[in-house]
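Protein chains: 2
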Amino acid sequence: MSSATLIETRFLSAERAAAMIREHGLANCIRAIADHIASDFLRWETFDKSARVANHSPDGVIELMPIANAELYAFKYVNGHPRNHLQGLSTVMAFGVLADVATGTPLLVSELTLTTALRTAAMSALAARTLAQPDARSMAIIGNGAQSEFQALAFHSLLDIDTFHLYDTDPLASAKLLRNLQAMGLQAKVFADTRAAVAGVDIVTTVTADKTNAVILTADMLRPGMHVNAVGGDCPGKTELHVDVLLAGRVFVEYEPQTRIEGDIQQMPADFAVTELWQVLSGQAPGRQHGDDITVFDSVGFALEDFSALRFMRDLADQLKVQDRLSLIPALADPKDLFACLHAPAAIPSRPASRRIAFV
Amino acid sequence: MSSATLIETRFLSAERAAAMIREHGLANCIRAIADHIASDFLRWETFDKSARVANHSPDGVIELMPIANAELYAFKYVNGHPRNHLQGLSTVMAFGVLADVATGTPLLVSELTLTTALRTAAMSALAARTLAQPDARSMAIIGNGAQSEFQALAFHSLLDIDTFHLYDTDPLASAKLLRNLQAMGLQAKVFADTRAAVAGVDIVTTVTADKTNAVILTADMLRPGMHVNAVGGDCPGKTELHVDVLLAGRVFVEYEPQTRIEGDIQQMPADFAVTELWQVLSGQAPGRQHGDDITVFDSVGFALEDFSALRFMRDLADQLKVQDRLSLIPALADPKDLFACLHAPAAIPSRPASRRIAFV
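These protein sequence lines map, in sequence, to chains A and B.
Take 1 as the starting number for the first sequence in this note's numbering and just add one per residue.
Take 361 as the starting number for the second sequence in this note's numbering and just add one per residue.
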């Protein structure tokens, strides 16, 4: 037998991913991820899709989100624990993997907490660019937590939104968002409640974290032509929109079978009409038909968006010559002799002095 | 806000896991994993269980296997690509994660290629100890690939099996297994075909890799009192036993909903009677009732076994004071301010000089 086949899995730690995004520029990354999502959505029917697998507990949910086409397989691990911030932890933490469909070899393990924030914002802005009025310039952001800066920057980058109205039940969260937006040179103002924040804006983004059937937005807050970007209602029992908001507009979704379970439309009968966004992107279904239409993007986050984001991060790592690797798979001289790897230490090119691997 | 909450995820590379198993002893590890599986199977009803999620392609399959109880969540990524050995790759490669149900924090990322071989063998031997004749001393192993040494050692350790009959369509695989078993001091002999190998033995283990509806074992090869440990038939379109073998014996399974899809019983009608093994272990259903019974363990590999194996590896890492860690989750001073991690490099305790992480 020949010498052992060494399988190296590329690794992007949380710190490495942050450094890559800083180096390439956050707005550039969001725009590139939106482009990757758009191109993957345009080949929608080539993907092996399924609703994500969720394990629910009293405190939150842990989900796995797999997807594949003929070449690449991807999955994301992601949690949602709304009370995590009380102990200094993020509500949403994530990591993911790209693998080779032909052999099953894992190609990349990457943080996805930060990357998910970018891809969610990129998805929201891509949908809004497709559905909102072309002259939209103002947006309310209801829910000013970890995702909110990314939403603002994505809408500024992709749609030229330049005025942001902020509201959160936690004033410290709004103050944090205001500070971060002003540091980016964006116009923003904090309002006293949702009704005040949404008055007069062109787009409303709801991105709240409570794991409850909340009513963040009611129909009387809508105005003709508004686009609603509903991001926070994303698992069973977690909604943000009043039923009348869904009835007032045309509703667009990512992947209908998953959104029926997880989205705001979980409140609606199974035959409530929705349109999958890829159909609008590909010209197979109309988006906004009249200036006065109310459009609702009932976003829950679909595995294909993570697939797109992981593709982007892999390519960016190539471009930036990132070399970090993990040894997840045993190196075997004879693949039928797994037992041999117990006989003696495998030959390893190099050994790190340190034990904590962040690589930046 | 206080300083950033540093989340460290324990990491066990392929080489680290091999070194830990060498240090603790392979037979000790297999016995301990069998004990962990038995104790987890005895609290079967406390687990949130689901059939695994599979993405099939012409060359193989990639699967995710999640499971959780009130404290711990686990999942395994595993592929099955029967032609991988032609390019020097393993048929089965795997890794997995343990996470905290209360917060969703990933606690451990571990190789599971080697560990899966141990847990599969531990599961097989645990089932056989429960179902086979108590005086069984000989076993045929049909399929002499990567899993076969582990099967032999597990049956030797848990059931005192001391005679092994070997057969594989690839003579080099049998020669490799013979060499490895003899090096462990076990009696083994290679036979010319399956019929010759199974003649007169007490237990037959089938652990072949072809992704086809094969007929490895037919009813005329059975003898009264035999236990059949069918390991290789484990996904749709991949079976090893003739239907008459299933009709000749009582069939035991891990998790019925998954085995109906993936096991040899995929060939049988939906009402074909099977018994879940946990019911036998807990005394709620009979195992072998007569010396002449033929018992069949239609094993496909269930997520709970990986949960048990990951628990064992985590505890062993503690015991052996393994310190390896990954940085998968961003360290944030304010969990609602994910954006902040893009401003400046996070504080990292130490930086490895090397880029390939194997830790042994």
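For glycine and all other residues, C-beta sits at the position ideal for the given N, C-alpha and C.
Predicted model, so just to flag it, every value in this text is computed and none were measured.
Whole-angstrom distance between residue j and residue i, CA atom to CA atom
i, j, result
"residue 351/A", "residue 266/A", "In this prediction, residue 351/A scores a pLDDT of 40, lower than 50, which makes its location untrustworthy; no coordinate-derived value is stated."
"residue 468/B", "residue 662/B", "19 Å"
"residue 421/B", "residue 472/B", "16 Å"
"residue 255/A", "residue 37/A", "13 Å"
"residue 317/A", "residue 118/A", "16 Å"
"residue 484/B", "residue 632/B", "22 Å"
"residue 347/A", "residue 674/B", "Bear in mind that the predicted position of residue 347/A carries a pLDDT of just 43, short of 50, making it too unreliable to give a figure here."
"residue 407/B", "residue 56/A", "12 Å"
"residue 336/A", "residue 371/B", "25 Å"
"residue 155/A", "residue 682/B", "46 Å"
"residue 153/A", "residue 27/A", "7 Å"
"residue 609/B", "residue 413/B", "29 Å"
"residue 592/B", "residue 130/A", "49 Å"
"residue 243/A", "residue 507/B", "55 Å"
"residue 369/B", "residue 458/B", "9 Å"
"residue 380/B", "residue 283/A", "57 Å"
"residue 641/B", "residue 402/B", "7 Å"
"residue 524/B", "residue 500/B", "6 Å"
"residue 638/B", "residue 653/B", "19 Å"
"residue 382/B", "residue 185/A", "58 Å"
"residue 68/A", "residue 547/B", "45 Å"
"residue 65/A", "residue 539/B", "43 Å"
"residue 285/A", "residue 259/A", "18 Å"
"residue 529/B", "residue 582/B", "20 Å"
"residue 269/A", "residue 569/B", "46 Å"
"residue 325/A", "residue 531/B", "36 Å"
"residue 340/A", "residue 399/B", "30 Å"
"residue 679/B", "residue 389/B", "13 Å"
Contacts around residue i, its chain only, beta-carbon distance under 7 Å, and the 5 residues preceding and following it disregarded
i, result
"residue 32/A", "312"
"residue 454/B", "436, 437, 438, 472, 473, 476"
"residue 456/B", "434, 435, 436, 437, 470, 472, 666, 670"
"residue 291/A", "133, 225"
"residue 71/A", "101"
"residue 450/B", "444, 473, 506"
Close beta carbons around residue i, own chain, < 6 Å, minus the five adjacent residues each side
i, result
"residue 689/B", "367"
"residue 601/B", "577, 590, 624"
"residue 245/A", "217, 219"
"residue 635/B", "612, 645"
"residue 709/B", "Low per-residue confidence applies at residue 709/B: pLDDT is 40, beneath 50, and the placement is therefore not dependable enough to give any value."
N- and C-terminal bounds of the alpha helix (DSSP H) containing residue i
i, result
"residue 157/A", "148-159"
"residue 124/A", "113-131"
"residue 36/A", "26-41"
"residue 175/A", "171-183"
"residue 370/B", "Where residue 370/B is concerned, there is no enclosing alpha helix (DSSP H), although the beta strand (DSSP E) it sits in stretches over 369-372."
"residue 640/B", "637-641"
Opening and closing residue of the beta strand (DSSP E) in which residue i lies
i, result
"residue 499/B", "498-502"
"residue 305/A", "No beta strand (DSSP E) contains residue 305/A, which is instead part of the alpha helix (DSSP H) from 303-319."
"residue 438/B", "432-440"
"residue 548/B", "547-550"
"residue 612/B", "610-613"
"residue 414/B", "413-417"
"residue 261/A", "Where residue 261/A is concerned, there is no enclosing beta strand (DSSP E), although the alpha helix (DSSP H) it sits in stretches over 256-262."
Whole-number beta carbon distance between residue j and residue i, since they are thought to touch under 8 Å
i, j, result
"residue 166/A", "residue 191/A", "7 Å"
"residue 589/B", "residue 563/B", "6 Å"
"residue 18/A", "residue 702/B", "6 Å"
"residue 15/A", "residue 373/B", "So it is not a contact: roughly 19 Å between Cβ atoms."
"residue 364/A", "residue 143/A", "Because chain A is modelled from 1 through 360, residue 364/A falls outside the range shown and cannot be assessed."
"residue 338/A", "residue 4/A", "Actually they are not in contact, since the Cβ atoms of residue 338/A and residue 4/A sit about 12 Å apart, beyond 8 Å."
"residue 297/A", "residue 128/A", "7 Å"
"residue 536/B", "residue 572/B", "Wrong, their Cβ atoms sit about 23 Å apart, outside the cutoff."
Beta carbon proximity, residue i to chain E, threshold 8 Å
i, result
"residue 280/A", "No chain E is present in this structure, whose protein chains are A and B."
Distance cut-off 7 Å: residue i Cβ against heavy atoms of the ligand FAD
i, result
"residue 465/B", "Questions concerning the ligand FAD fall outside what the structure shown contains, since it holds no ligand whatsoever."
Cutoff 8 Å; reference residue i; Cβ partners in own chain excluding five residues on either side
i, result
"residue 594/B", "440, 622, 623, 659, 660, 661"
Can you list, in chain order, the residues of the stretch 161-179 of chain A whose Cβ is nearer than 7 Å to any Cβ on chain B?
173, 176
Please list, in chain order, the residues of the stretch 94-112 of chain A that have any C-beta partner in chain B closer than 8 Å.
95, 97, 99, 101, 102, 103, 104, 105, 106, 109, 111
Given a limit of 7 Å on CB to CB distance, which residues of the stretch 659-680 of chain B reach chain A?
none
What residues in the stretch 232-265 of chain A bring their beta carbon closer than 7 Å to a beta carbon of chain B?
none
Residues of the stretch 9-35 of chain A whose Cβ lies closer than 8 Å to any Cβ of chain B, in chain order
11, 13, 14, 15, 18, 19, 21, 22, 26
Chain B contacts made by the stretch 192-210 of chain A, where a contact means CB separation under 8 Å
none
Between the stretch 34-65 of chain A and chain B, which residues of the former have CB atoms less than 7 Å from a CB of the latter, in chain order?
48, 50, 53, 55, 57, 59, 60, 62, 64
For the stretch 680-693 of chain B, enumerate the residues whose C-beta is nearer than 8 Å to any C-beta of chain A, in chain order.
683, 684, 685, 686, 687, 688, 689, 690, 691, 692
Note down, in chain order, all residues in the stretch 132-147 of chain A with a beta-carbon under 7 Å from any beta-carbon belonging to chain B.
145, 146
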